[in-house]
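In UniProt numbering, the protein residues as written are 1 to 616. Every residue gets a Cβ at the ideal spot worked out from N, C-alpha and C, and that includes glycine. Predicted model, so just to flag it, every value in this text is computed and none were measured. Here the structure comes first, spelled out in structure tokens, and everything after it is commentary.
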Amino acid sequence: MLWASFGILVYIRAFSALDDGADLLGVLLPMASYPPLVALSLWCWRPSVRYGLVAAVVLLYFLPFPFVGESWDWMPWTVAAAALCALPIRIAWPLFVLSVAAAGASVFLLGYDAVPGEEIQAALGYMIVTADDGLIVFGLSRLVMAVTRLHQTREELARTALSRERLRLDGELRHLLGGKLQAIAFRMRTAARQEPGEARHTLREGIELARRTMAEVRATAGAYRADAPEPFSAPIESPRLARRVLLAVLVIQCLLVLRTLAYVRPGDWPGFAFAAALLVVIVILQVLPQSRAVLVAQSLLILLPLPVVPDAWDRLLSIFTGKLLLNVRPPRSWAIVGVVLGGHLAWFLHRIDRNYLFIDDLPAALANFGGHIMIMWLVYCLGRLSGLLTVLERTRHELAEAAVRRERLRIAGDLHDILGYSLSAVALKGEVAERLLGSDPARAEAEIAALGSLVERAVTELDSITGDRVQLRLSREIDAAREVLASAGITAAVRVETGPLPAAVDTALATVLREAVTNVLRHSQARTCEITVSGTAGGVRLRLVNDGAAVREEAEPPERRGSGLDSIAERTGGQVTAGHRAGDRFEVLAEFAAPAGPGGAREGFGPVAGSRLSLG
């Protein structure tokens with residue numbers, strides 16, 4: 001958009017110079033300050049480079065004087081635009097006003113062949129063009145940079161929202177579960193120091209608290225899955241800069257209309273006052289929210305006076321055509337705008353005296369027509385860029401919502417699959433220890449001692465769930481599975497036929513194993529369990545088979561069942577299958593490509609597309 005805008009400005013300034021009788025050197029030299037202005041407008045530079053480019057614009061703007069003298073239009077719009085684009089606001093706007101004032105003063109100082117008595121009219125014209133072009137470049141440059149910057153940082157809000165949500169959930173879970181886990185750990189440590197009679201009571205309290213906490217973990221996980229973040233519904237306004245620049249350009253066009261009216265209809269004060277009132281209404285409509293009714297009313301106020309004062313009112317046609325491009329779908333908008341522009345150009349050519357239809361007058365018509373094209377393009381670009389900024393801002397909020405939603409689902413899954421398992425193991429081993437207190441005190445003492453470290457691991461897992469992705473390791477989970485299965489009286493046969501695995505695959509396999517062992521303990525009367533980890537052609541396979549699963553238990557409702565293997569399938573890369581086999585056997589089979597597993601920027605247990613769960 002900026003390149004096209006600079007192209008139109010070059011076209012206007014070139015034909016304007018030709019209209020003034022300039023030769024090729026007089027056409028090209030005033031454009032010497034354009035390249036540094038383009039560089040200043042299109043890229044973000046560090047302050048020293050920006051100030052250097054501003055200095056280059058100023059110096060190159062004065063370049064024509066030694067070569068062509070005063071035979072060129074001294075309108076320092078590039079200096080005005082450079083000041084706004086590069087300098088701090090407190091400095092930029094005073095310099096902008098100074099540049100505009102200097103353009104008007106040049107008429108009195110240099111003359112520029114102004115007709116005696118019309119110097120004020122000419123000075124006003126120079127000032128309006130300088131302000132207009134400077135605002136056009138500044139407004140488009142800033143909006144293009146804003147779109148680029150917002151696009152580049154579109155995920156920044158998501159990262160911020162994710163960090164905020166983690167902190168909130170961390171505090172919530174610590175308040176809800178942290179104290180209970182510490183209480184369980186305290187009871188288990190106390191039981192380890194007590195005599196069997198006292199230990200039984202303390203152990204029973206710890207087991208009961210572990211079961212209540214486990215139920216609370218499952219309820220919390222279900223709540224996190226069910227409670228989605230509130231969608232972003234607040235309206236996003238178009239950028240203030242775009243509205244202000246467009247309003248300023250419209251006011252400038254209205255001033256040009258009044259200036260032309262005063263010139264072509266001198267002394268017609270009633271007509272001048274009526275036109276001024278209409279222009280005020282047009283400006284007020286621009287300030288209002290741009291509903292369809294406002295657009296129609298503004299369009300009528302632009303079009304209806306045209307037959308009465310075409311020499312002046314046509315200045316506003318560019319506002320109309322620009323809004324037409326924005327609000328009417330192509331190709332209908334292109335066709336209408338093409339007809340309007342064709343008629344407008346024909347009107348410009350028609351106004352040229354037929355006895356003087358040669359280059360001195362044709363460039364003036366073409367330069368004026370280019371000015372209308374520029375304003376139309378500005379209106380369209382400001383609207384499009386504002387729309388892009390609105391879409392990008394809404395996208396940023398949607399990305400933030402999605403990140404928060406994913407984080408809640410992740411934490412819900414980790415609560416069930418990781419912390420829920422640990423608490424199940426605590427309750428199970430606690431019950432085993434309680435039964436052994438009377439029959440085998442030595443073994444009961446060993447089981448109670450192991451409970452303390454198991455609860456401490458649960459505390460660590462709670463910290464990991466909200467602080468970062470939980471890092472599970474298959475070797476540790478195999479050892480834990482052996483221990484917890486043995487505590488339940490289940491003989492475990494483990495065979496590992498692979499070497500070290502990638503961290504992501506290792507974590508995924510460990511998570512599947514943990515959930516599968518939980519299912520063995522909860523849903524079967526198993527006596528034996530076989531765990532095999534083996535390599536495949538393209539990855540690794542985990543197979544767990546247990547007996548005692550002949551009778552399928554009545555399925556639990558989803559809110560009580562938790563995420564389970566279906567969650568594992570969703571949250572790991574690969575394929576997880578589970579189902580009854582011949583006899584009373586149940587098999588869980590997980591296959592992963594290597595490397596595979598959780599996606600995302602960090603290693604750990606997280607969501608990955610492409611996984612599948614099969615139940616058979």
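Cys381 by DSSP, collapsed to three states: which one?
-> helix
List the endpoints of the continuous beta strand (DSSP E) containing Arg541.
-> 539–546
Of the listed residues Gly371, Gly134, Ala101, Leu157, nearest to Leu341 (C-alpha basis) = Gly371
What residue from Gly52, Lys429, Gly139 has the CA that sits closest to Ser5's CA?
-> Gly139
Mind checking who Gly579 pairs with in its DSSP beta bridge?
-> Glu587
Buried or exposed by the 16-neighbour rule on C-beta atoms within 10 Å, applied to Ser534 | exposed
So what does DSSP say about Ser534, is it helix, strand or coil?
-> strand
Work out the CA separation of Thr190 and Ala481 for me, nearest whole Å.
-> 25 Å
Near Val484, what residues of its chain come up, given a Cβ to Cβ distance below 8 Å and the 5 sequence neighbours on each side ignored?
-> Ala425, Leu428, Lys429, Val517, Leu521
Tell me Phe592's beta-bridge partners as DSSP assigns them.
-> Val540
Of all the options Ser299, Leu150, Pro239, Ile282, which has the alpha carbon lying nearest to the alpha carbon of Ser386?
-> Pro239
Would you please state the rounded distance, in angstroms, between the beta carbons of Phe15 and Ala248? I believe it to be under 8 Å.
-> That pair is no contact at about 25 Å.
When the distance is taken between beta carbons, is Gly539 closer than 8 Å to Ala593?
-> yes
Spatial distance of Pro30 from Cys254 (CA atoms) = 28 Å
Using three-state DSSP, classify Thr518 as helix, strand or coil.
-> helix
Selected residue, minimal CA-CA separation from Val100, among Trp77, Ala92, Glu208, Ala83 | Trp77
Would you kindly check if the distance between the Cβ of Arg204 and the Cβ of Glu434 is under 8 Å?
-> yes
Trp74: buried (16+ other C-beta within 10 angstroms of its C-beta) or exposed?
-> buried
Take every Cβ of the region 76–91, pair it with every Cβ of the region 126–146, and state whether three or more of those distances are shorter than 8 Å.
-> yes
Extent of the continuous beta strand (DSSP E) to which Val496 belongs = 491–496
Once you ignore the five residues that flank Leu306 on each side, which residues in its own chain have a CB closer than 8 Å to its CB?
-> Trp313, Asp314, Leu317
Check each candidate in Arg193, Val496, Trp377, Leu37 and name the one with the smallest Cα separation from Thr321.
-> Trp377
Where DSSP assigns a beta bridge to Thr528, which residues make up the other side?
-> Thr491
If we count the other Cβ atoms within 10 Å of its Cβ and call it buried at 16 or more, is Phe96 buried or exposed?
-> buried
Helix, strand or coil at Leu357 according to DSSP, with G and I counted as helix = Model confidence at Leu357 stands at a pLDDT of 35, short of 50, so the residue's coordinates are unreliable; what they give is reported in the following sentence. Residue state, collapsed to three classes: coil.
Of the listed residues Gln121, Arg154, Trp43, nearest to Thr390 (C-alpha basis) | Arg154
Run through the region 30–116 for me and flag every whole alpha helix (DSSP H) of 4 or more residues, listed as ranges in chain order.
-> 34–42, 47–61, 64–68, 77–86, 89–110
Whole angstroms is fine: what's the gap from Pro598's alpha carbon to Ile284's?
-> Note that Pro598 scores 37 on pLDDT, short of 50, meaning its location in the model is unreliable and no value can be drawn from it.
Straight-line CA distance for Leu301 to Arg394?
-> 34 Å
May I ask you to report which of helix, strand or coil DSSP gives Leu306?
-> coil
Where the alpha helix (DSSP H) containing His344 begins and where it ends = 332–351
Assuming Ile128 and Ile252 make a contact with CB atoms under 8 Å, what is their CB distance in whole Å?
-> 6 Å
Please report the residue range of the alpha helix (DSSP H) in which Arg240 lies.
-> 240–264
Taking the C-alpha atoms as reference points, what is the distance between Val137 and Glu398?
-> 32 Å
Which whole-angstrom value is the C-beta distance of Ala403 and Ala146, which I expect to be below 8 Å?
-> 23 Å between Cβ atoms; not a contact.
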